[in-house]
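*Asks:* Below is the structure I would like to discuss, written out as structure tokens.
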Amino acid sequence: MNMERTSTIKRDDGLWLLERMRLVRQTSQRIAKLYPTNVMETPVHLCIGQEAVAAGVCRHLGAVDKLFLGHRTHGPALCKGLPLEKLMAELYGRTTGCSHAFGGSMHLIDVEHGLPGSSAIVGGSIALGTGAALAAQMTGQPFVGVSWFGDAATNAGVFYESMNFAALRRLPVLFVCEDNGWSNVMPKSAHSAHDITSVAAQFMPTSCADGTDVLSVYDLAGAALRSIRAGEGPRFLHCKTKRWMKHQGPDACDLPDNGIDRERDCPIRKLEAFLAKAGLAQANEFSALEARIEKQIDAAIRFAETSPFPSTDLLEV
Amino acid sequence: MNMERTSTIKRDDGLWLLERMRLVRQTSQRIAKLYPTNVMETPVHLCIGQEAVAAGVCRHLGAVDKLFLGHRTHGPALCKGLPLEKLMAELYGRTTGCSHAFGGSMHLIDVEHGLPGSSAIVGGSIALGTGAALAAQMTGQPFVGVSWFGDAATNAGVFYESMNFAALRRLPVLFVCEDNGWSNVMPKSAHSAHDITSVAAQFMPTSCADGTDVLSVYDLAGAALRSIRAGEGPRFLHCKTKRWMKHQGPDACDLPDNGIDRERDCPIRKLEAFLAKAGLAQANEFSALEARIEKQIDAAIRFAETSPFPSTDLLEV
Amino acid sequence: MPWSKFDSNHEAPKGDRTLTYCQAIREAIDQAMCHDPRVFCIGLDADDKFGVFGSMSDLTHRERVIGTPISENAMTGVALGAALSGLRPVHVHLRNDFLLVAMDQIVNYVAKWEDMFDRQVRVPLVIRSIIGRGWGCGAQHSQSLHGLFAQIPGLKVVMPSTPYDAKGLFFEAVKDDSPVLFLEHRWLYKNTGDVPTGIYTLPFGKANRLHEGGSLTVVAPSLAAMHCLVACEQHGLDVDLIDPRTIKPLDLPTIVASVQKTRRLLVVDYDFPFGGFGAEVCARVTEAAFAHLDAPPQRISFPDRGMPASGPLERAYYQTPDRLAAAMRTILEGGCVPVGAANELSTR
Amino acid sequence: MPWSKFDSNHEAPKGDRTLTYCQAIREAIDQAMCHDPRVFCIGLDADDKFGVFGSMSDLTHRERVIGTPISENAMTGVALGAALSGLRPVHVHLRNDFLLVAMDQIVNYVAKWEDMFDRQVRVPLVIRSIIGRGWGCGAQHSQSLHGLFAQIPGLKVVMPSTPYDAKGLFFEAVKDDSPVLFLEHRWLYKNTGDVPTGIYTLPFGKANRLHEGGSLTVVAPSLAAMHCLVACEQHGLDVDLIDPRTIKPLDLPTIVASVQKTRRLLVVDYDFPFGGFGAEVCARVTEAAFAHLDAPPQRISFPDRGMPASGPLERAYYQTPDRLAAAMRTILEGGCVPVGAANELSTR
Ligand SMILES: Cc1ncc(C[n+]2csc(CCOP(=O)(O)OP(=O)(O)O)c2C)c(N)n1
Ligand SMILES: Cc1ncc(C[n+]2csc(CCOP(=O)(O)OP(=O)(O)O)c2C)c(N)n1
Ligand SMILES: [Mg+2]
Ligand SMILES: [Mg+2]
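Chains as they are written, first to last, in the numbering used here: chain A, 68 to 384; chain B, 68 to 384; chain C, 5 to 352; chain D, 5 to 352.
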């Protein structure tokens, strides 16, 4: 387990990671602010605090790579390339939403950007990324499958079944466990008797990233994906991160044993500090980025608000 | 992993083990002989070659302990205490069968002897032994649950889900993997990317017995059960054994890579040699036992043959 | 046996206080656990501070509430194993969509265990599950799957619509020596009604007439029953409204007697349209009362597609009392509701 | 697209050679795989020497036959993931009872994926499964679960009864861009019939009249259709026997037209009695042809309990052509078959 920051990141990678993390953060904050006004009739599982995992992994994925998500979708979907306005319109229930208003927050899709859908039944989508990898292997096409899930999804049998099959066939699939330590209000100690990585290691090579440090995720995801693309079979990437919000909805997490220090644990602050220290970017760029993203969010919300609701004829033959 | 024979077995234990193994062997052989005559209208999964696992584990179980089986039932059921004539009558489809002619070969029950049923859907019964252990723990009753399954059942998600829950709650359950290396004609290398024991070891203490050597099974099952009964939580017992017959039916296994030497690998011969060498029993006792069991089988078949078929009124209200 | 004195044909007197549907269930669970130490609760998030939408808050015997990981299939087997070892588990699921994860255990194991061994062992297992809907939850979190389970021999399917029924039927479920699927609708949780303070049981297979009328029999379980009641009351419809309470076993005699009087039948079933409860009631009433029918039995159900997420689509997908009233009026005037068309959606 | 020239309204000419049902399916799989490199087969024991009861022996493209561990749930998700990545999987299960292990994936995932995303992606996935019965296999290995799956929007349910139908419907299933459940009955595997040598498709939702008659319409899929045909032929019954071929979509017009002629309906459905296909046909025919019915539609199905193992019990549990003939004769003489009673078995 390597928690050391070994990254030799380039400026454009660093700025991409920062921009995506900020996009996820600021979008989530805006959703949290607007949510109580009931403009979004759909449950939301926010990613504040967990941005590093989405950005760090997705920096290494292309549009051809197929990413399958669970219920906590916004962060990885935005980092994979889902346009912000299509996310917003979906949350607003409009036809211009990525799922044409049929999916809601938990069911996002963007075929063009390699997001063939996401699922709200915990665990099952782990098998779908494995299946995409089987298709890649059988057709010889150069894409990988990515299965994305939380710590508690490792309690579902489908997780093991998928890992076993991926390992048996040496499939080009990356298993990403976004471990925030919670299943709703149940701590990991109550839902898992095992150490997640050690179990996965029985099936394939694993690595453990600090999921609050985007460079740690970036480095280890990069290494894992290089090995997968080289035909060396599946990989498991464990990212220990922190969930700042309640499981669902717009409120901050109120669990007493949450152990979060919003200064220390903020992936955005961490990266900004690194970039500044390494001389790769300056403080004024950070605030300019923040402002630019706020505008982008304003525009996306305007887009969503002014988009039409679906016609209910869709339900009739 | 201790494959050494450390046993300090007593004569009565040794003879019990021999008698049960012979009962399973000779019964299976008789079934194989009769089966082509169609007197038993039910699929049979014979246990020839695997007798050591059933006898070695069940020697440590009392009638209060609850054993849940899969499809390969005859051996462990007989060793747990199911009367032979009730097994035979069930195979013959008679009302005097242990399941009153409703279950057939794969669904045996004997409430009195702690056999609350068995199941033909591979994997699922692993959860039932775990549930029995939960009942023992919640009520403070001094029994253990035993989940019995083959190597390929470890591919089913329910196996992991059950181990995780058992470990989380430190349940008094013994997981027995009767590993014959095959899932029908699929070798273990094709169905399991993992080493079974190493995966189980992520959840609980494990031990590996030589499943063709009843004393190895006896020793390790005894140790595991003592620890479970002492309140130390679940245990996993891996028994590597050999299936001499085809997966189902009366024929000898014809798989080219089967690697069986019926002299070397016979659990009955092994025990007889040990007992003789240790001076615990003599050769003439062995042949007397064999003859006695043949008579027992004759009687059980007579019982089955002369028992009534069920009335089909049972199906009407 | 703790439950033998509760005769299931006993209709308890109406209580002198009002509880919500949720409180009635909570009280039933609490009393059942106090009354019978073999009763325990198990399920994902069963033991957390939300108490399964409040239905398990502040139970007296917390030590008999077992939280589980996200392992619904094995946990159903665990409950079955415990039921076979002398306990009476109540396994709870926050959404009935999750029951599909446990389908092997429910259908191949729980439902069949007694039959496979000619009832030498019994399976006193209650599976509680909550039916959700709406607020953009989408197709995987908004189903009502009672029709699936009713097909399976060995399962009883209970769908209380009122606080009084919920409490009485829950005791009957816990008292039952065989598996019972107890389906609660989330949208009924805040409804209130008279509930007796003590333990009482309501028999399975005994329907309840919610509204009396002479021109149309409407059969509707769970939330649909309440919506139909509102429709009848607000629109003054001459409808005999029958809530089956348990869809399996089904109280066919009460339904048939009503149809013999009204000569018309409508089944309102909040489930997919093909097969299921609605089809069964129509088929059996036709069989039993063919000569008394003035018109073919009609059905109202969901469209034949997964639930959409967006508010306007949801509001179109699900019925409302007003739309139900309009449909009933159409039938009362001799017309038909166009349910058949919906069945063919899947052929697109 | 490889399949576009196969017009599904095209009825291929009868072939000049005879194949078994098993051979017809094998040939269809082989030709589909040769014709379209996106088609591949996956499943537990799909690649072993038994070749799924011979239905996949000696395929040309062995490299596209993938064996799997006993992990039916995840493997269904794997097939779905592959279908979403440009392939056309055929996932095979040796017994349809095992589909219950994969129910979450089949119902919550496969069936819903297109609906959840408004058909921006398609799911060209065929799930093949074999229905078994008999020889003491017991309640977990002898079910016929088509009625469960027909309830679920997003699944088509195909049940061929003849070699000709099996081959033609298989191509239609592989050609379909949406999920298809293809259910083969093990007891039909040795039946023989004319089968064209090339590729041809039979449309879904188009029934087949197996026997012509004027006094009773019998609707029966799969093995039940063949049993009814034997009954009609051996006993010279004046029965219009309709094999729906696909139970969803359902060819209601053909059935209704027949009932308008015969004025009586019997559905023979080898499945549990509550809800399901039998109930749906009865309910919809009653709706569509009420004025033409001289008697209420009748049903014959399994008893409402799990399958027993013993030979005599099995032989009582399952129908035979002779018993079916007797039942048809009863109806032809104006009587009723006592199916209703069986529905209540579960209330014991
Ligand atoms: C099969 C299933 N069971 C239960 C749920 C309810 N549920 C939704 S999210 C969740 C917690 C998931 O925790 P984890 O996998 O760690 O993801 P996180 O929410 O922490 O990102 C639960 C229990 C579900 N959606 N699916
Ligand atoms: C869920 C499920 N899938 C497939 C089968 C078919 N099947 C019956 S036994 C068996 C092999 C089981 O192998 P293993 O668990 O190693 O037990 P063994 O037969 O070797 O004793 C299979 C695949 C089944 N019964 N259940
Ligand atoms: Mg989590
Ligand atoms: Mg094996």
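Ideal Cβ positions, reconstructed from N, Cα and C, are used throughout, including at glycine.
(1) Any heavy atom of ligand 1 closer than 7 Å to the beta-carbon of residue 388 of chain A?
(2) Take every Cβ of the segment 234-245 of chain B, pair it with every Cβ of the segment 233-243 of chain A, and state whether three or more of those distances are shorter than 8 Å.
(3) Taking the alpha-carbon of residue 60 of chain C as reference, which of C:90, C:126, C:264, C:26 has the nearest alpha-carbon?
(4) Under a CB-based cut-off of 8 Å, is residue 110 of chain A close to chain C?
(5) What residues in its chain sit with their C-beta under 6 Å from that of residue 219 of chain B, if we drop five residues either side in the sequence?
(6) Near ligand 3, which residues have their beta-carbon less than 6 Å from any of its heavy atoms, given in chain order?
(7) Which class does residue 348 of chain D belong to by DSSP, given the choice of helix, strand or coil?
(8) Write down the C-beta distance between residue 130 of chain D and residue 118 of chain D rounded to the nearest angstrom, noting that I regard them as a contact closer than 8 Å.
(9) Is it the case that the CB of residue 76 of chain C approaches a heavy atom of ligand 1 more closely than 7 Å?
(10) Can you tell me where the alpha helix (DSSP H) holding residue 38 of chain C begins and where it ends?
(11) Check each residue of the segment 61-77 of chain D: if its Cβ is closer than 8 Å to any Cβ of chain A, include it; give the result in chain order.
(12) Please indicate yes or no: does the CB of residue 85 of chain A lie closer than 7 Å to some heavy atom of ligand 5?
(13) Is there at least one Cβ from chain C nearer than 8 Å to residue 179 of chain D's Cβ?
(14) Can you tell me which of the three DSSP states residue 185 of chain B falls into?
(15) Are any of the Cβ atoms in chain B nearer than 8 Å to that of residue 235 of chain A?
(16) Would you identify the three-state DSSP class for residue 53 of chain B, choosing helix, strand or coil?
(17) Relative to chain D, which residues along the segment 142-158 of chain C have a C-beta separation below 9 Å, given in chain order?
(18) Mark residue 126 of chain A as exposed unless 16 or more other C-beta atoms lie within 10 angstroms of its C-beta, in which case mark it buried.
(19) Quick one: does the C-beta of residue 138 of chain B sit closer than 7 Å to a heavy atom of ligand 2?
(20) Quick check for students: name the residue ranges of the beta strand (DSSP E) that lie wholly in the segment 276-316 of chain B, counting only runs of 3 or more.
(21) Quick one: what does DSSP say residue 297 of chain C is sitting in, helix, strand or coil?
(22) How far does the alpha helix (DSSP H) with residue 47 of chain C in it reach, from first residue to last?
(23) Please list the terminal residues of the continuous alpha helix (DSSP H) segment that includes residue 100 of chain B.
(24) Count the other CB atoms, across all protein chains shown, that sit within 10 Å of the CB of residue 38 of chain D; report buried if there are 16 or more and exposed otherwise.
(25) Among the candidates B:157, B:227, B:342, whose CA atom is the shortest distance from the CA of residue 375 of chain B?
(26) Would you say residue 224 of chain B and residue 227 of chain A are within 8 Å of each other, going by their C-beta atoms?
(27) Applying a beta-carbon distance threshold of less than 8 Å, which residues of chain C neighbour residue 258 of chain B?
(28) Beta carbons nearer than 7 Å to chain D: which residues of the segment 79-112 of chain C have them?
(29) Verify the CB distance criterion: does residue 224 of chain B have a CB-CB separation below 8 Å to chain A?
(30) DSSP beta-bridge partners for residue 254 of chain A?
(31) Determine the closest residue to residue 109 of chain A out of A:175, A:131, A:134, A:299, with distance taken between C-alpha atoms.
(32) Could you name the residues that DSSP lists as bridge partners for residue 93 of chain C?
(33) Which whole-angstrom value describes the C-beta separation of residue 156 of chain D and residue 276 of chain C, a residue pair presumed to lie in contact below a C-beta threshold of 8 Å?
(34) Cutting at 6 Å between CB atoms, please list the residues of its own chain near residue 342 of chain B, excluding the five before and the five after it.
(35) Could you give the first and the last residue of the continuous alpha helix (DSSP H) run that contains residue 151 of chain C?
(36) Quick one: what does DSSP say residue 168 of chain A is sitting in, helix, strand or coil?
*Replies:* In terms of the structure at hand:
(1) Given that chain A is displayed from residue 68 to residue 384, the structure contains no residue 388 of chain A and the question cannot be resolved.
(2) No: fewer than three Cβ pairs fall under 8 Å.
(3) That would be C:26, whose Cα lies nearest to the Cα of residue 60 of chain C.
(4) Among the CB atoms of chain C, one or more fall inside 8 Å of the CB of residue 110 of chain A.
(5) Leaving aside the five residues that flank residue 219 of chain B on each side, the residues in its chain whose CB is nearer than 6 Å to its CB run, in chain order, 250, 258.
(6) Going along the chain, the residues that qualify are A:217, A:218, A:219, A:247, A:249, A:250.
(7) Summary for residue 348 of chain D: the model assigns pLDDT 41, below 50, so the residue's position carries little reliability; its value from the coordinates is reported in the next sentence. The DSSP-derived three-state label of residue 348 of chain D is coil.
(8) No, residue 130 of chain D and residue 118 of chain D are not in contact; Cβ-Cβ is about 15 Å, not under 8 Å.
(9) Indeed, a heavy atom of ligand 1 lies less than 7 Å from the Cβ.
(10) DSSP places residue 38 of chain C in the uninterrupted alpha helix (DSSP H) bounded by 25-39.
(11) Cβ contacts with chain A: 68, 70, 72, 73, 75, 77.
(12) Only ligand 1, ligand 2, ligand 3 and ligand 4 can be found as ligands here, which leaves ligand 5 out of the picture.
(13) Any Cβ of chain C closer than 8 Å to the Cβ of residue 179 of chain D would place that residue at the interface, and such an atom is absent.
(14) Residue state for residue 185 of chain B is assigned as strand, using DSSP reduced to three classes.
(15) Answer yes: the Cβ-Cβ gap between residue 235 of chain A and chain B drops below 8 Å somewhere.
(16) The requested residue 53 of chain B does not occur in the structure, where chain B is confined to residues 68 to 384.
(17) Along the segment 142-158 of chain C, the positions whose C-beta sits under 9 Å from a C-beta of chain D are 142, 143, 144, 147, 149, 151, 152, 154, 155, 156, 157, 158, read in chain order.
(18) With 16 or more other Cβ atoms inside 10 Å of its own Cβ, residue 126 of chain A counts as buried.
(19) Remark: the shortest separation between the CB of residue 138 of chain B and any heavy atom of ligand 2 falls under 7 Å.
(20) With a minimum length of 3 residues, the continuous beta strand (DSSP E) runs that stay inside the segment 276-316 of chain B are 302-307.
(21) Reduced to three states, the DSSP call for residue 297 of chain C is coil.
(22) For residue 47 of chain C, no alpha helix (DSSP H) segment is defined; the enclosing uninterrupted segment is the beta strand (DSSP E) at 43-48.
(23) Going by DSSP, residue 100 of chain B is part of the alpha helix (DSSP H) stretching over 78-101.
(24) Here residue 38 of chain D is exposed, its C-beta having fewer than 16 other C-beta atoms within 10 Å.
(25) The candidate whose alpha carbon is nearest that of residue 375 of chain B is B:157.
(26) Taking 8 Å as the Cβ cut-off, residue 224 of chain B and residue 227 of chain A qualify as a contacting pair.
(27) Chain C residues near residue 258 of chain B: none, gap ~19 Å exceeds 8 Å.
(28) Listed by position, the residues of the segment 79-112 of chain C near chain D (Cβ gap below 7 Å) are 101, 104, 105, 107, 108, 111, 112.
(29) With 8 Å as the cut-off, residue 224 of chain B counts as an interface residue toward chain A.
(30) Beta bridge pairing from DSSP links residue 254 of chain A with A:249.
(31) Among A:175, A:131, A:134, A:299, the Cα nearest to that of residue 109 of chain A is on A:175.
(32) Its beta-bridge partners are C:44.
(33) At roughly 7 Å, the Cβ-Cβ gap stays under 8 Å, so residue 156 of chain D and residue 276 of chain C are in contact.
(34) The residues are 81, 348.
(35) Per DSSP, residue 151 of chain C belongs to the alpha helix (DSSP H) from 150-154.
(36) When secondary structure is reduced to three states using DSSP, residue 168 of chain A falls in the coil class, being assigned neither helix nor strand.
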